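S.K.: Protein chains in written order, with our numbering: chain A, 17 to 267; chain B, 34 to 302.
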Amino acid sequence: MLDIRNLERRWLKYKIKSYAPHIAFASVGAVLLIALPYIWMDSDKPKSPLKTDRFFSTVSKKAPEIKPIVEESPTVLEPSMDFVQTFQTSVLETKRPLSSTIQTTKPIQQEVPIPKVLNLPDTSSLKTPLKSPPIVSIPPSDKSPSLNRNESKLDIESVERRFKDSSNPSLGLFIARYHYDHGNYSEAYNFALKINSINNKIDESWIIFSKSLVKLGNVEQAKKTLRFYISESNSESARSLLDSIERGTFK
Amino acid sequence: MECSLFSKPRDLFLDVVNPRDYVQIDSVSHMYQSLKNSVQKPLKMILLFGRPGTGKSMLLHKLHHDLSKHQKVLMFDIPIVDEDDFLRVLAQRIFGHSPREVMTLTRFLEIAEAVAYADVPIVLLDEAQLYSGSLMEKIRLISDARAIKFVITLHKTDKEDIIAKEHFQTRIWESIELQNATAEELKVYIQKKLLKANCFDVANMFNDKNMKLITALTKGNYRETNKLLFSLFSLYYWYEENNPTLIKYNALKLKWIEMAAIHTGLIRA
Numbered sequence: 017m018l019d020i021r022n023l024e025r026r027w028l029k030y031k032i033k034s035y036a037p038h039i040a041f042a043s044v045g046a047v048l049l050i051a052l053p054y055i056w057m058d059s060d061k062p063k064s065p066l067k068t069d070r071f072f073s074t075v076s077k078k079a080p081e082i083k084p085i086v087e088e089s090p091t092v093l094e095p096s097m098d099f100v101q102t103f104q105t106s107v108l109e110t111k112r113p114l115s116s117t118i119q120t121t122k123p124i125q126q127e128v129p130i131p132k133v134l135n136l137p138d139t140s141s142l143k144t145p146l147k148s149p150p151i152v153s154i155p156p157s158d159k160s161p162s163l164n165r166n167e168s169k170l171d172i173e174s175v176e177r178r179f180k181d182s183s184n185p186s187l188g189l190f191i192a193r194y195h196y197d198h199g200n201y202s203e204a205y206n207f208a209l210k211i212n213s214i215n216n217k218i219d220e221s222w223i224i225f226s227k228s229l230v231k232l233g234n235v236e237q238a239k240k241t242l243r244f245y246i247s248e249s250n251s252e253s254a255r256s257l258l259d260s261i262e263r264g265t266f267k
Numbered sequence: 034m035e036c037s038l039f040s041k042p043r044d045l046f047l048d049v050v051n052p053r054d055y056v057q058i059d060s061v062s063h064m065y066q067s068l069k070n071s072v073q074k075p076l077k078m079i080l081l082f083g084r085p086g087t088g089k090s091m092l093l094h095k096l097h098h099d100l101s102k103h104q105k106v107l108m109f110d111i112p113i114v115d116e117d118d119f120l121r122v123l124a125q126r127i128f129g130h131s132p133r134e135v136m137t138l139t140r141f142l143e144i145a146e147a148v149a150y151a152d153v154p155i156v157l158l159d160e161a162q163l164y165s166g167s168l169m170e171k172i173r174l175i176s177d178a179r180a181i182k183f184v185i186t187l188h189k190t191d192k193e194d195i196i197a198k199e200h201f202q203t204r205i206w207e208s209i210e211l212q213n214a215t216a217e218e219l220k221v222y223i224q225k226k227l228l229k230a231n232c233f234d235v236a237n238m239f240n241d242k243n244m245k246l247i248t249a250l251t252k253g254n255y256r257e258t259n260k261l262l263f264s265l266f267s268l269y270y271w272y273e274e275n276n277p278t279l280i281k282y283n284a285l286k287l288k289w290i291e292m293a294a295i296h297t298g299l300i301r302a
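#1: Which residues in the same chain as residue 150/B place their Cβ atom closer than 7 Å to its Cβ, once the five residues preceding and following it in sequence are excluded?
#2: Of all the beta strand (DSSP E) runs that stay within the bounds of the region 104 to 168 of chain B, which reach a length of 3 or more residues?
#3: Kindly indicate the opening and closing residues of the beta strand (DSSP E) around residue 182/B.
#4: By how many angstroms is the C-alpha of residue 229/A removed from the C-alpha of residue 204/A?
#5: Would residue 183/B and residue 156/B be called neighbours here (beta carbons separated by less than 8 Å)?
#6: Please state the DSSP three-state secondary structure of residue 267/A.
#7: Contact criterion: CB-CB distance below 8 Å. Does residue 49/A meet it with respect to chain B?
#8: Does the CB of residue 37/B have a neighbour CB from chain D at under 8 Å?
#9: If residue 126/B sits next to residue 153/B, beta carbons under 8 Å apart, how far is it from one beta carbon to the other, in whole angstroms?
#10: How would you label residue 64/B, buried or exposed, when you count the other beta carbons within 10 angstroms and need 16 or more for buried?
#11: Would you tell me roughly how many angstroms separate the C-alpha atoms of residue 32/A and residue 41/A, rounded to the nearest one?
#12: Starting from the beta carbon of residue 267/B, find every residue of chain A whose beta carbon is closer than 8 Å, and list them in chain order.
#13: Please go through the same chain and pick out, in chain order, the residues whose beta-carbon is closer than 6 Å to the beta-carbon of residue 266/B, but skip the five residues on each side of it.
#14: Report buried or exposed for residue 79/A, applying the criterion of at least 16 other Cβ atoms within 10 angstroms of its Cβ.
#15: Could you round the C-beta distance between residue 256/B and residue 85/B to whole angstroms and report it? I think they count as a contact, below 8 Å.
#16: Look up residue 80/B in the DSSP assignment and give the residues it is bridged to.
#17: Taking 8 Å as the CB-CB cut-off, is residue 295/B touching chain A?
#18: Do you know whose CA, among 297/B, 242/B, 101/B and 235/B, lies nearest residue 216/B's CA?
#19: Assign residue 251/A to one of two classes, buried (16 or more other C-beta atoms within 10 Å of its C-beta) or exposed (fewer than that).
#20: For residue 245/A, which of helix, strand or coil comes out of DSSP?
#21: By Cβ distance, which residues of its chain are closer than 8 Å to residue 82/B, with the 5 residues on each side in sequence left out?
#22: Do the region 222 to 237 of chain B and the region 106 to 120 of chain B meet, that is, are 3 or more Cβ pairs less than 8 Å apart?
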């Protein structure tokens, strides 16, 4: 006796099995047929322009994905002595806002949302080294730059070298003050003398010169120098120093 | 009495070798005629060989059926493998002699010489590949003595080709090879068989597409075709009784042919 239901089931299984390779072959063929024109078109086009186009298109489409690059920038902008020195060379550079500096140096970041750059935690660390060294103020008439005072020998040598090259009285004044503060009175005397020869109208230079003379034991020479300068400039600070030397209160 | 359209065709394709069911197909008919002619010649041995299901047994039965009316013909459709039994049966049924002593080849040849028919008796051996080599050697000696004319059938395989070479190559005077049927031959075979039994409606259901599938499934093997059609008409019989609306009488359903093939083991599913 035939089991028709079972036979029909087996037949269905057999048909599926027999058609499976054909279906697979047909679907692969269909996929190839669809993909072939695209592959053909791709092969016809020159490859290098296509790559650049793709690159730019992906960049423009995926602008937010540049964020990681922006986040990496603080590590580049971490403070270093070289970075401080570039600020010291130019007054304008130090006075420029930080955000504008970053934007000019990295124009590509202008496409990126600015808050990302401004909210960086490292910007505070950038400001810290700028504020930390005491800034010596120079009379505005001289248009002298405000210099960061650095305690290291390497830095003072660097400033001396720059003074030698530029003969900037502001730099010389910084060096003279540095040496006087460190007890190198002869060095302070020499640099103050050099500044006076470049510009003889700087109060502090004459005062350091006179104070160095006192410290070196030439009190009379110091008094004589101060009197001469007071007669020429009528400087109040010079007069005050002369009074303290004469009264013996100067230390 | 069954009134189903498909019960009679189903029974027609029962795998039974009956010379009355022999169907005249051009190629087979030609083979049969040449076989008949060869038998009339003074040949020692005739070999009929071919792949299983090519109609060797049917041809042998048909020959036996036709020749037995005119001369002494003995048919061994089931091989007798024991040599003594084989010779004893031959002596008894051909020469009417049943000796009580052990039947040796010499004794058998003595009996054959003593009887001496005008027409050499014919012995038809089906499935000769089942006989042992020593018995085949005795068969050869008997045919050499012209005591009996043998017509033997062999399956065509490598092994049986060796047997044919070793025992019969130099002695066989005629060899006939039967081939598997083509789609057209198979269609003629099926339709003739159905028409012979007055199953005209069912015979008209077989179209070329059906026959192509049937031939592909059976590889032109008559025995397999019979088995397939028996299953197919059994299916039709079932649907006729349970779901007659599914039957289309202008052609056979390919699905049902395949289902019948699954049932008979021609398709592994």
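Yeah, the Cβ is synthetic: ideal placement off N, Cα and C, and Gly gets one too.
These numbers come from a predicted model, not from an experiment.
M.R.: Considering the structure as presented:
#1: Along the second sequence, one-based indexing puts residue 150/B at 117. Excluding positions up to five away in sequence, the list reads 105.
#2: 106 to 109 and 155 to 158
#3: The residue labelled residue 182/B in the question sits at position 149 within the second sequence. Run containing residue 182/B: 182 to 188, per the beta strand (DSSP E) assignment.
#4: Start at 1 with the first residue of the first sequence, and residue 204/A comes out as number 188. Start at 1 with the first residue of the first sequence, and residue 229/A comes out as number 213. Going from the Cα of residue 204/A to the Cα of residue 229/A covers about 9 Å.
#5: Stepping through the second sequence from its first residue, residue 183/B is reached at position 150. Stepping through the second sequence from its first residue, residue 156/B is reached at position 123. Yes, the pair counts as a contact, with Cβ atoms nearer than the cut-off.
#6: In the first sequence, residue 267/A corresponds to position 251, counting from 1. Residue 267/A falls in the coil class under three-state DSSP.
#7: For the purposes of this step, residue 49/A is taken as the residue at position 33 of the first sequence. Chain B contact via Cβ: absent.
#8: The chain inventory of the structure shown lacks chain D, comprising the protein chains A and B.
#9: As a first step, residue 126/B is located in the second sequence; it is residue number 93 there, counting from the start. As a first step, residue 153/B is located in the second sequence; it is residue number 120 there, counting from the start. Contact flag wrong, Cβ pair sits at about 15 Å.
#10: Locating residue 64/B in the second sequence gives position 31, where the first residue counts as 1. It counts as buried.
#11: The residue you call residue 32/A lines up with position 16 of the first sequence. The residue you call residue 41/A lines up with position 25 of the first sequence. Taking the straight line joining both Cα atoms gives about 14 Å.
#12: If you number the second sequence from 1, residue 267/B lands on position 234. Simply 18.
#13: For the purposes of this step, residue 266/B is taken as the residue at position 233 of the second sequence. 39, 42 and 43, listed in sequence order.
#14: The residue you call residue 79/A lines up with position 63 of the first sequence. Because residue 79/A sits at a pLDDT of 44, beneath the cut-off of 50, its placement in the model cannot be relied upon, and the point is left open.
#15: One-based indexing of the second sequence puts residue 256/B at position 223. One-based indexing of the second sequence puts residue 85/B at position 52. The Cβ separation is near 7 Å, so the contact holds.
#16: Translated into positions along the second sequence, residue 80/B becomes position 47. BP columns for residue 80/B point to 185/B and 208/B.
#17: The sequence position of residue 295/B within the second sequence is 262, counting from 1. Closer than 8 Å: yes.
#18: Locating residue 216/B in the second sequence gives position 183, counting from the first residue. Closest option to residue 216/B, Cα to Cα, is 242/B.
#19: Here residue 251/A corresponds to residue number 235 of the first sequence, with the count starting at 1. When all chains shown are included, residue 251/A counts as buried.
#20: Stepping through the first sequence from its first residue, residue 245/A is reached at position 229. Residue 245/A falls in the helix class under three-state DSSP.
#21: Stepping through the second sequence from its first residue, residue 82/B is reached at position 49. Closer than 8 Å at the Cβ level, and outside the excluded window around residue 82/B, lie 89, 186, 187, 188, 189, 193, 197, 208, 209, 210 and 211.
#22: no
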